[in-house]
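Novice: Quick one: this structure, given as structure tokens, is what I'll be asking you about.
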Amino acid sequence: MLIDVHVHLFPPDVVGRIKEYLEKDEFLGQICSSPLHKYASAEDLLEEMDKCGLDRAAISGFASSDQGLCREMNDYVLEAARSSPQRFMAMAVVSPLDPGMEKEISRCHELGAVGVGELFPWGQKFALEGREAGELASVCEERNLPLLLHINEIVGHYYTGKGDVSIREAADFAAKYPELTIIYAHWGGGLLFYELMPEIKNQLQKVYYDTAAGPFLYHKNIYRVAREIGILHKILLGTDYPLLSPRRYFRELQEADLTPREIEMIKGENAARLFYKHTSGF
Ligand SMILES: [Zn+2]
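Numbering of the sequence shown is given in the working numbering, commencing with residue 1 and proceeding in unit increments.
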């Protein structure tokens with residue numbers, strides 16, 4: 001089973017009125033004005049999944065500081081998951097600074113969401129050590145919803161959407177909420193390398209890493225490095241589609257000198273275990 005845990009869909013209605021939102025939300029404005037930015041609908045994604053042989057995708061809208069926009073995004077992905085329950089799993093986006101955060105997560109969960117994210121601590125201006133992030137962690141933990149968080153490396157070249165939330169904050173957040181399942185996007189900004197430290201490995205037991213945007217960031221040897229660190233079972237295929245096609249990742253995986261079994265783990269088996277309730281009988 002091939003599963004992508006990191007894709008972004010934009011409701012066509014929102015795309016039609018996008019200018020309205022770009023003015024309201026500075027971060028969204030930056031992301032959408034990047035020359036690399038593309039909009040994809042549920043139909044676009046299904047077509048791409050069929051072409052690439054992907055079975056399932058955990059679909060997110062785009063998390064904004066505007067809770068109304070988050071809700072519109074959520075309605076769209078929830079509806080897409082309802083229409084294609086064998087292909088899509090809905091993820092809820094929320095603004096942790098909004099007082100309606102918990103209510104929106106509950107609403108989405110009741111309507112079938114299987115996780116929360118991708119949220120952007122830097123872009124949505126919430127601190128991982130702050131009260132709001134603590135509330136977010138508690139709500140996700142209580143409902144057993146994995147939380148997909150954007151963390152990027154703080155060294156190297158600049159690109160749109162690159163923030164300054166560090167792996168230290170990410171490591172502390174995971175240590176503070178050991179029962180919470182976290183997926184740190186973009187290889188966790190490099191946090192995975194510190195799993196070579198026994199105490200960090202111990203604190204990050206419920207942390208997974210996705211590969212989103214990896215081909216722009218790391219040499220493909222990163223897959224074998226993850227194997228050496230002993231965390232291949234925590235690596236999840238995330239494409240950041242429509243930024244990149246799944247094909248790009250498949251190619252790298254083939255060239256990364258892994259065994260077919262290890263490739264299967266990354267391409268979907270690890271994610272199936274994480275989302276087992278939603279992928280059973282498949
Ligand atoms: Zn991201």
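Just so it is clear, CB atoms sit at the ideal spot from N, CA and C, and this is done for glycine as well. All of these numbers come straight from a predicted model, not from anything done at the bench.
Taking all protein chains shown into account, decide if Pro242 is buried (16 or more other Cβ within 10 angstroms of its Cβ) or exposed.
Specialist: Buried.
Novice: Rounded to a whole number of angstroms, what is the C-alpha to C-alpha distance between Ala92 and Pro198?
Specialist: For Ala92 and Pro198, the distance between alpha carbons rounds to 33 Å.
Novice: Would you grab the beta carbon distance between Tyr76 and Gly61 for me? Rounded to a whole angstrom, and I think it's under 8 Å.
Specialist: Yes, Tyr76 and Gly61 are in contact; Cβ-Cβ is about 6 Å, under 8 Å.
Novice: So, helix, strand or coil for Val116, using DSSP?
Specialist: Residue state, collapsed to three classes: strand.
Novice: For Lys206 and Met265, what's the separation of their Cα atoms in angstroms?
Specialist: Rounded to whole angstroms, Lys206 to Met265 spans 17 Å at the Cα level.
Novice: Does the separation of the CB atoms of Ile183 and Leu145 fall below 8 Å?
Specialist: No, the pair does not count as a contact, with Cβ atoms beyond the cut-off.
Novice: Just how far apart, CA to CA, sit Pro246 and Ala272?
Specialist: Approximately 17 Å between the Cα atoms of the pair.
Novice: Per DSSP, what kind of secondary structure is Met4 in: helix, strand or coil?
Specialist: Checking the sequence shown, residue 4 turns out to be Asp, not Met. If DSSP states are grouped into helix, strand and coil, Asp4 belongs with the strands.
Novice: Which residue's Cα is closest to the Cα of Leu226: Glu110, Lys176, Leu191?
Specialist: In the sequence on display, residue 226 carries Ala and not Leu. Ala226 has its Cα closest to that of Leu191, out of Glu110, Lys176, Leu191.
Novice: Less than 7 Å separating the Cβ of His150 from some heavy atom of ligand 1?
Specialist: True, at least one ligand heavy atom lies under 7 Å from that Cβ.
Novice: Please check the pair Ser64 and Asp25, which I expect to be a contact at CB under 8 Å, by giving their CB distance rounded to whole angstroms.
Specialist: Confirmed, Cβ separation roughly 5 Å.
Novice: Would you mind giving the Cβ-Cβ distance between Thr239 and His6, rounded to the nearest angstrom? I have them listed as a contact below 8 Å.
Specialist: Contact holds; Cβ gap of about 6 Å.
Novice: Leaving out the 5 sequence neighbours to the left and right, which residues in its chain are closer than 7 Å to Glu195 when beta-carbon positions are compared?
Specialist: Excluding positions up to five away in sequence, the list reads Lys201, Leu204, Ile229, Ile231.
Novice: Is Glu118 near ligand 1, with its Cβ less than 7 Å from a heavy atom?
Specialist: Flag set: Cβ of Glu118 near ligand 1.
Novice: Below 7 Å, is the gap between the Cβ of His219 and the nearest heavy atom of ligand 1?
Specialist: Not under cutoff, so the answer is no.
Novice: Measuring from the CB of His233, is there a heavy atom of ligand 1 at a distance below 7 Å?
Specialist: No, the beta carbon of His233 sits no closer than 7 Å to any heavy atom of ligand 1.
Novice: Using a Cβ-Cβ cut-off of 7 Å (strictly less than) and excluding sequence neighbours within five positions of Leu180, which residues of its own chain qualify?
Specialist: Within the same chain, Leu180 has close Cβ partners Ala137, Cys140, Glu141, Leu147, Lys206.
Novice: Taking only runs that begin and end inside the region 135–205, name each unbroken alpha helix (DSSP H) of 4 or more residues, in chain order.
Specialist: For the region 135–205, whole alpha helix (DSSP H) runs of length 4 or above, ordered along the chain, are 167–176, 198–203.
Novice: Which residue wins for smallest C-alpha separation from Phe120, given the options Phe27, Asp4, Leu54?
Specialist: Of the candidates Phe27, Asp4, Leu54, the one whose C-alpha sits nearest the C-alpha of Phe120 is Phe27.
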